[in-house]
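Q: Numbering (UniProt numbering), first residue to last: 1 to 260. Glycine residues also receive a C-beta, built at the ideal position from the N, C-alpha and C atoms. Being a predicted model, the structure only gives us computed values, none of them experimental. Below is one structure. I have some questions about it.
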Amino acid sequence: MAETFLQQAKYAEAMERYEDMRKFMESEYRVMFENNGTIPPEHRNLLSVAYKNVVGAKRSSWRTICSIQEKEENGQAKNKDQKLTIIKKVKSAIEEDLDEISNSLLNLIDSYKLCNAHFEGTDDPNLVSNVFYSKMKGDYYRYMAEYKSGDERKIVVEKASEVYKQAEELAKPLQSTHPIKLGLALNYSVFHYEILSNPEEACKLAKMTFDSAIADLDLLKDDTYKDGALIMSLLRDNLSLWTAEIQSEAPTGEEGTGDQ
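Okay, structure coming up:
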């Protein structure tokens, strides 16, 4: 009997074959929707892990090639122009890969209307699901904003801002210690800091979220304590870093900033 796409995705994760994992999860979603099935939390978590690792590798490659490009542009090598031509081709190819990955995830979410599930009350699992997928959309528009420029960047920045705001509004009924609500605030604050260049707003959001969660720390459930505590730690670390940079008025860039 053939293994399900879900099981194959789990095997791919164990082998760290994240591109395969991504394809298996895309197939699993397609089959479930063809059969009018609901998407359990396990599925969305596996989809997130697959995409996060695939896009993470490409983002790392892009940052590396940008560093190499900067070094060569500031250098005095005799074959400088030839090197820069090669570098720009590699950089362009990585950006095309990032476009494909991000648009694939965004299209999947929109095609299956994953942000628009009907829910009744704050205890309805569909509420958490809507926040989760809305956060994902914001994250992938944010990733695209990292390497785009001009009008293209303006478009994805506006879309990221819109979706993050929608997710924030949806998440209001959730407990302040809910890992998905914490993760949303973490990534939204990173968006304010890195993409919008608004450290004050980033600090405001991170501090408000962290303080609220600390006040309700006893609400952290055993099954979510590890995830919640990790995100709170990232919020605290980012807040410390950003506050120090604001006070010194000497930003150090992305290094040290953590997101989920």
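What separation, rounded to the nearest whole angstrom, lies between the Cα atoms of A2 and N36?
A: Its pLDDT being 45, under 50, A2 is placed unreliably in this model, and the value from its coordinates should be taken loosely. The alpha-carbon atoms of A2 and N36 are separated by roughly 21 Å.
Q: So Q260 and L205 are in contact, right, with Cβ under 8 Å, and what is the actual spacing, rounded?
A: About 14 Å; that fails the 8 Å criterion.
Q: What distance in whole Å lies between the Cβ atoms of N116 and N130, which are believed to be in contact at a cut-off of 8 Å?
A: Between N116 and N130 the Cβ distance is about 7 Å, and since that is below 8 Å, they are a contact.
Q: Please state whether DSSP places H192 in a helix, a strand or coil.
A: Helix, per DSSP.
Q: Hey, how far is the Cα of A154 from the Cα of A12?
A: Residue 154 is actually Lys in this sequence, not Ala. So the two alpha carbons sit approximately 36 Å from each other.
Q: Quick check: the Cα distance between S61 and D139, rounded to an integer number of angstroms?
A: Computed Cα separation, rounded: 18 Å.
Q: With a CB to CB cut of under 6 Å and the five nearest residues on each side skipped, what residues in its chain are close to M21?
A: So the list reads A9, A12, E13 and A50, once near-sequence residues are dropped.
Q: S189 and A171 - do their beta-carbons sit closer together than 8 Å?
A: Cβ distance not < 8 Å, so A171 and S189 don't count as in contact.
Q: Going by other Cβ atoms of all chains shown within 10 Å of its Cβ, with 16 needed for buried, is Y225 buried or exposed?
A: Y225 comes out exposed.
Q: Please classify V128: is it buried, with 16 or more other beta-carbons within 10 angstroms of its beta-carbon, or exposed?
A: Looking at its Cβ environment, which holds 16 or more other Cβ atoms inside 10 Å, V128 is buried.
Q: Shortest alpha-carbon distance to Y133 belongs to which of F33, P41 and R17?
A: It is P41.
Q: Tell me which same chain residues have a C-beta within less than 7 Å of the C-beta of G253, skipping the five on either side of it?
A: A caution first: G253 carries a pLDDT of 47, below 50, which makes its placement in the model too unreliable to give a value.
Q: Could you tell me which whole alpha helix (DSSP H) segments of length 4 or greater appear in the region 107 to 156?
A: DSSP runs (the alpha helix (DSSP H)) wholly in the region 107 to 156: 125 to 147.
Q: Can you tell me where the alpha helix (DSSP H) holding A9 begins and where it ends?
A: Looking at the DSSP string, the run of the alpha helix (DSSP H) that includes A9 is F5 to A14.
Q: For E95, which of V156, E146, K83 and L6 has the nearest alpha-carbon?
A: Here the closest residue by C-alpha is E146.
Q: Is it true that the CB of L220 sits closer than 8 Å to the CB of T177?
A: For T177 and L220, yes; Cβs fall inside 8 Å.
Q: Let me know the secondary structure DSSP gives E19 once reduced to three states.
A: Three-state result, E19: helix.
Q: Among S233, L84 and N79, which one has its Cα closest to the Cα of E70?
A: The residue with the shortest Cα to Cα distance from E70 is L84.
Q: Here's a check: name, in chain order, each residue in its chain whose Cβ is nearer than 8 Å to the Cβ of L174, leaving out the five neighbours to either side.
A: T122, L127, V128, V131, I180 and K181, listed in sequence order.
Q: In angstroms with no decimal places, state the Cα-to-Cα distance between S149 and D222.
A: Distance between the alpha carbons of S149 and D222: 44 Å.
Q: Looking at L98: is its Cβ nearer than 8 Å to the Cβ of V55?
A: Against a cut-off of 8 Å, the Cβ pair of V55 and L98 comes out as a contact.
Q: Which residue comes first and which comes last in the alpha helix (DSSP H) that contains I231?
A: That run of the alpha helix (DSSP H) goes Y225 to S248.
Q: Closest to F210 by CA distance: which of R44, G75 and R236 is it?
A: Of R44, G75 and R236, the residue nearest in Cα terms is R236.
Q: Per DSSP, what kind of secondary structure is I214 in: helix, strand or coil?
A: Residue state, collapsed to three classes: helix.
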